[in-house]
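Novice:
Numbering (this note's numbering), first residue to last: 956 to 1392.
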């Protein structure tokens, strides 16, 4: 990772419309003249396991800036095939999701002489916003370029509007690694609250109009919900039945309960017969704990997400900052999907259209839906941003769904069979545990 000089100077960008009108908390007629976004991969526009220009241009901050007709909204763009290399559906029969190239892309805007407007850093925790400047050639170096923390850089631009969506990586590791461990894959609540309070104090003191999003439930993403805890015929996607009953997969301690969640990381293991009883042609060796979330672990994750969101609500209420309840939004998407232009979009892996090939991050149309919800919250507090036309995204979704249908789509191979060990390792490398390892 090449270093550049510490960013200096402020290049403004003019939004045409006023954001804030009388009646909002302490920000009558605030101009939307300089917009900064702070957060993590969900702010950066990370998709298909990669930070890459084709998806960064559909990040929710980029879409908000576009709707406000801003010029000069800068992002740390990365050339195709991205960093790390973007995942793709490389084969239809059998379906294979893996890095689509042997090389990585390269940063395109390293020499920008000021901080980026989009300071979303993949893998960043709340504490990272306050303290981290470098990570030995990782995403903090790519986005921050040695010029101070994300929070410091964002505030140096003197934003009039700032969106903050952080906290996701304070709990995501519990799902990615299949282990809910205090201080290892889950940030302790006291640490989270203290760090979040410090961030909110700083952005509030800046005088910017601030909107905050809370933390979505990480056990509802396709990475966690796609594989049923029962033996499935991988060539048909149909559960195997013995005497009319489905057969539980084998876990660390024997047959998995029906409530267990099996992550996509188990896919390559299942294809080798692990987790499948010998009577059905498997090895008889249970799946490791790292790819299974048992009921107790799920309860710990649910509780921690609820605690984080309660802290966010209380802190933002005290600061007079509106909150976008993205947790409720994603829960509704998971339960009901969306009908757009005659196409039903769901959270289903490969075939649903709302999530990318990593099973964790939204697709471009998924990010557009998220951006429209940000706009709804902003406009409910006096903003005048037009909603995004989702029509241009539907052709891409239709094409992706057609490819996925050929790869399985419920009538062929189970969609999870596509997820490779390489795809899993790319996710782990990009999203470290909260203890930094």
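Backbone N, C-alpha and C fix where the C-beta goes; we use that ideal spot for every residue, glycine too.
Fair warning: this is a prediction, and the values are worked out from it, not measured in the lab.
Looking at C-alpha atoms only, which residue of 1276, 1201 and 1319 is the closest neighbour of residue 1009?
Specialist: Mapped onto the chain shown, residue 1009 falls at position 54. Here the closest residue by C-alpha is 1319.
Novice: On the three-state DSSP scale, how would you describe residue 1215?
Specialist: As a first step, residue 1215 is located in the chain shown; it is residue number 260 there, counting from the start. Coil.
Novice: How would you label residue 1041, buried or exposed, when you count the other beta carbons within 10 angstroms and need 16 or more for buried?
Specialist: By one-based count along the chain shown, residue 1041 stands at place 86. Buried, because 16 or more other Cβ atoms sit within 10 Å of the Cβ of residue 1041.
Novice: From 1156, 1186 and 1256, pick the residue whose C-alpha is nearest to that of residue 1222; which is it?
Specialist: Reading the chain shown from its first residue, position 267 is the one you call residue 1222. Residue 1222 has its Cα closest to that of 1186, out of 1156, 1186 and 1256.
Novice: Counting C-beta neighbours from all protein chains within 10 Å, is the total for residue 1313 16 or more, i.e. buried, or is it exposed?
Specialist: To locate residue 1313, count along the chain shown from 1; it is residue 358. That one is buried.
Novice: Give me the residue from 1066, 1052 and 1037 with the minimum Cα distance to residue 1058.
Specialist: The residue labelled residue 1058 in the question sits at position 103 within the chain shown. Looking at the Cα atoms, 1037 is the closest of the given residues.
Novice: From this set, 1287, 1339, 1276 and 1096, which residue's C-alpha is nearest residue 1159's C-alpha?
Specialist: For this step, residue 1159 is matched to residue 204 along the chain shown. Considering only alpha carbons, the answer is 1276.
Novice: Closest to residue 987 by C-alpha separation, out of 1163, 1262 and 1289, would be which residue?
Specialist: Numbered from its first residue, the chain shown carries residue 987 at position 32. Of the candidates 1163, 1262 and 1289, the one whose C-alpha sits nearest the C-alpha of residue 987 is 1163.
Novice: Distance, Cα to Cα, residue 1083 vs residue 1197?
Specialist: Residue numbering aside, residue 1083 sits at position 128 when the chain shown is read from its first letter. Residue numbering aside, residue 1197 sits at position 242 when the chain shown is read from its first letter. Using only the alpha carbons, I get a separation of about 51 Å.
Novice: Count the CB pairs spanning the segment 1097-1105 and the segment 1137-1145 that are closer than 8 Å, and state whether there are at least three.
Specialist: Because the criterion of three Cβ pairs below 8 Å is not met, the segment 1097-1105 and the segment 1137-1145 do not touch.
Novice: What three-state label does DSSP hand residue 926 in the structure shown?
Specialist: This structure does not reach residue 926, given that the chain is present from 956 up to 1392, and the question cannot be answered.
Novice: Under three-state DSSP, which class holds residue 1382?
Specialist: For this step, residue 1382 is matched to residue 427 along the chain shown. Helix, per DSSP.
Novice: Check each candidate in 1075, 1003 and 1323 and name the one with the smallest Cα separation from residue 1055.
Specialist: Indexing the chain shown from 1 puts residue 1055 at position 100. Minimum Cα distance to residue 1055 is reached at 1003.
Novice: Which one of 1230, 1237 and 1109 has the shortest CA to CA distance from residue 1211?
Specialist: Position 256 of the chain shown, counting from 1, holds the residue named residue 1211. When only C-alpha atoms are compared, the closest one is 1230.
Novice: Would the beta-carbon of residue 1283 fall within 8 Å of that of residue 1302?
Specialist: Indexing the chain shown from 1 puts residue 1283 at position 328. Indexing the chain shown from 1 puts residue 1302 at position 347. It is not a contact, given that the beta carbons lie outside the stated cut-off.
Novice: Considering only residues of the same chain and omitting the five flanking positions on each side of residue 978, which have a CB-CB separation below 7 Å?
Specialist: Taking the chain shown and counting its residues from 1, the one referred to as residue 978 is at position 23. Note that residue 978 scores a pLDDT of 34, beneath 50, so its modelled location is shaky; the value from the coordinates is reported in the next line. Same-chain partners within the cutoff: 1337.
Novice: Apply the 10 Å Cβ neighbour rule to residue 1188 and answer buried if 16 or more other Cβ atoms are within range, or exposed otherwise.
Specialist: Here residue 1188 refers to the residue found at position 233 of the chain shown. Burial call: exposed.
Novice: So what's residue 1097 in DSSP terms, helix, strand or just coil?
Specialist: Taking the first residue of the chain shown as position 1, residue 1097 is located at position 142. In this structure, residue 1097 counts as helix in the three-state DSSP scheme.
Novice: Distance, Cα to Cα, residue 1154 vs residue 995?
Specialist: Stepping through the chain shown from its first residue, residue 1154 is reached at position 199. Stepping through the chain shown from its first residue, residue 995 is reached at position 40. Whole-angstrom Cα-Cα distance: 14 Å.
Novice: Return the CA-CA distance between residue 1332 and residue 1263, expressed in angstroms with no decimal places.
Specialist: Stepping through the chain shown from its first residue, residue 1332 is reached at position 377. Stepping through the chain shown from its first residue, residue 1263 is reached at position 308. If you take the alpha carbons of residue 1332 and residue 1263, they lie about 20 Å apart.
Novice: Going by the DSSP bridge assignment, what does residue 1194 pair with across the sheet?
Specialist: What you label residue 1194 is simply residue 239 of the chain shown in a count that begins at 1. Answer is 1187, bridged to residue 1194.
Novice: Per DSSP, which residues does residue 1205 bridge with? Please list them.
Specialist: Residue mapping note: residue 1205 aligns to position 250 of the chain shown, counting from 1. DSSP output for residue 1205 lists 1210 as bridge partner(s).
Novice: Pick from 1245, 1191, 1118 and 1051: whose alpha carbon is nearest that of residue 1130?
Specialist: Here the question's residue 1130 lines up with position 175 in the chain shown. The residue with the shortest Cα to Cα distance from residue 1130 is 1245.
Novice: Tell me the start and end of each unbroken alpha helix (DSSP H) in the segment 1118-1182 that is at least 4 residues and wholly inside, in chain order.
Specialist: Runs of the alpha helix (DSSP H) inside the segment 1118-1182: 1127-1131, 1144-1160 and 1177-1180.
Novice: Please work out which residues of its chain come closer than 7 Å, Cβ to Cβ, to residue 1280, disregarding the five sequence neighbours upstream and downstream, and give them in chain order.
Specialist: Here residue 1280 refers to the residue found at position 325 of the chain shown. Cβ neighbours of residue 1280 beyond the five flanking positions: 1169.
Novice: Rounded to whole angstroms, how far is the Cβ of residue 1081 from the Cβ of residue 1150, which I believe are closer than 8 Å?
Specialist: Locating residue 1081 in the chain shown gives position 126, where the first residue counts as 1. Locating residue 1150 in the chain shown gives position 195, where the first residue counts as 1. Right, their Cβ atoms sit about 4 Å apart.
Novice: Taking just the CA atoms, how far does residue 1014 sit from residue 1079?
Specialist: Taking the chain shown and counting its residues from 1, one reaches residue 1079 at position 124. Taking the chain shown and counting its residues from 1, one reaches residue 1014 at position 59. If I take the Cα positions, the gap works out to 16 Å.
Novice: Using CA atoms only, rank isn't needed, just tell me which of 1175, 1029 and 1157 is closest to residue 1119.
Specialist: Mapped onto the chain shown, residue 1119 falls at position 164. Ranking the options by Cα distance to residue 1119, first place goes to 1157.
Novice: Tell me whether residue 1095 is buried or exposed, calling it buried when 16 or more other Cβ atoms sit within 10 Å of its Cβ.
Specialist: As a working note, residue 1095 is residue 140 in the chain shown. By the 10 Å Cβ count, residue 1095 comes out buried.
Novice: Any chance the segment 1366-1386 sits against the segment 1197-1209, with 3 or more Cβ pairs inside 8 Å?
Specialist: Verdict: no, contact absent.
Novice: Run through DSSP, which three-state label would residue 1303 get?
Specialist: Here residue 1303 refers to the residue found at position 348 when the chain shown is read from its first residue. Residue 1303: coil per DSSP, three-state reduction.
Novice: Can you tell which of 1265, 999 and 1019 has the C-alpha that lies nearest to the C-alpha of residue 1098?
Specialist: Indexing the chain shown from 1 puts residue 1098 at position 143. The candidate whose alpha carbon is nearest that of residue 1098 is 999.
Novice: Return the chain-ordered list of same chain residues with a C-beta closer than 6 Å to the C-beta of residue 1179, the five sequence neighbours on each side being excluded.
Specialist: If you number the chain shown from 1, residue 1179 lands on position 224. Excluding residues within five positions, the ones whose Cβ falls inside 6 Å are 1130, 1216 and 1218.
Novice: Return the bridge partner residues of residue 990 from the DSSP annotation.
Specialist: Walking along the chain shown from the start, residue 990 turns up at place 35. Looking at the DSSP assignment, residue 990 forms a beta bridge with 1116.
Novice: Under the DSSP definition of a beta bridge, which residues are partnered with residue 1295?
Specialist: Numbered from 1 along the chain shown, position 340 holds the residue referred to as residue 1295. Answer is 1298.
Novice: Helix, strand or coil for residue 1250, going by three-state DSSP, please let me know.
Specialist: In the chain shown, counting from the first residue as 1, residue 1250 sits at position 295. Three-state DSSP puts residue 1250 in a helix.
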